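The structure under discussion appears below in the form of structure tokens.
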Amino acid sequence: RADRETDNDNPIEKAEDVARLDKDSKKFLINVTNYPSLTVTQRYDELSLKGRYAQDLKQSLIDRKMIEEIFLAIGSSKQSTFLVPTQKAIDYLDSIEESTRFYKHIGKTSPLHQLIQAMIIEYFTDKNCVVQNDYQLGEKFVDVYLESNKVAFEVAVNPAIDAERVSSALDF
């Protein structure tokens with residue numbers, strides 16, 4: 016059926032697609048998940064990947080809906096390309112018992128939101144802070160919570176949607 020060829024919600028098709036990940040694809044995907052703040056260029060260097068092979072490997076994971084590209088300028092730097100794992104990738108890595116410590120259930124957040132949240136968690140984890148992802152405070156949740164400092168972060172990437180969430184988080 017034509018609709019099955021484009022529908023990637025079938026769990027059997029998902030499992031078969033993931034099972035076909037080769038060693039380099041798995042290594043690349045694990046790197047994306049464990050080092051969210053690396054740009055694509057830094058990631059290629061980190062993994063000693065070069066040229067067309069590096070680009071094809073990244074594109075293969077994008078085509079399989081395992082990662083997404085985010086284009087972002089941080090500070091005064093020019094725009095860089097970052098990679099974010101999809102829920103499919105998180106589920107796969109969990110199934111093979113690989114760490115997904117910077118990414119929890121992705122849910123309905125945008126890839127940009129996920130990236131910024133993961134970067135905050137990575138930064139403070141590297142500083143040996145006790146960090147909680149999607150932490151419940153009372154009846155509300157915050158994106159990132161530093162237990163040792165009792166500081167909460169709410170990531171807002173869309174002012175129209177996130178303004179209410181940020182202002183409600185300030186009630187604490």
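Just so you know, we're using the working numbering here: the sequence shown kicks off at 16 and counts up by one.
Ideal placement from N, C-alpha and C gives every residue a C-beta, glycine not left out.
It should be emphasised that the depicted structure is a prediction, and the values quoted were computed from it without experimental measurement.
query, result
"Rounded straight-line distance, which links the Cα of T54 to that of N148", "22 angstroms"
"Continuous beta strand (DSSP E) stretch holding Y160: start and end", "K155 to L161"
"Integer-rounded CB distance, given that M81 should sit under 8 angstroms from T101", "6 angstroms"
"Three-state secondary structure assigned by DSSP to T56", "helix"
"Residues near P51 in its chain [Cβ-Cβ closer than 7 angstroms; skip 5 each side]", "F117, L130, A133, M134 and E137"
"Simplified DSSP assignment, three categories, for Y118", "coil"
"Sequence-distant residues of the same chain with beta carbon closer than 8 angstroms to A75, five excluded per side", "First, the amino acid is wrong: residue 75 is Ser here, not Ala. So the qualifying residues of the chain are S40."
"Integer Cβ distance of V157 from H128, believed to fall under 8 angstroms", "With a Cβ gap of about 13 angstroms, V157 and H128 do not count as contacting."
"Rounded C-alpha distance that separates K42 from L72", "11 angstroms"
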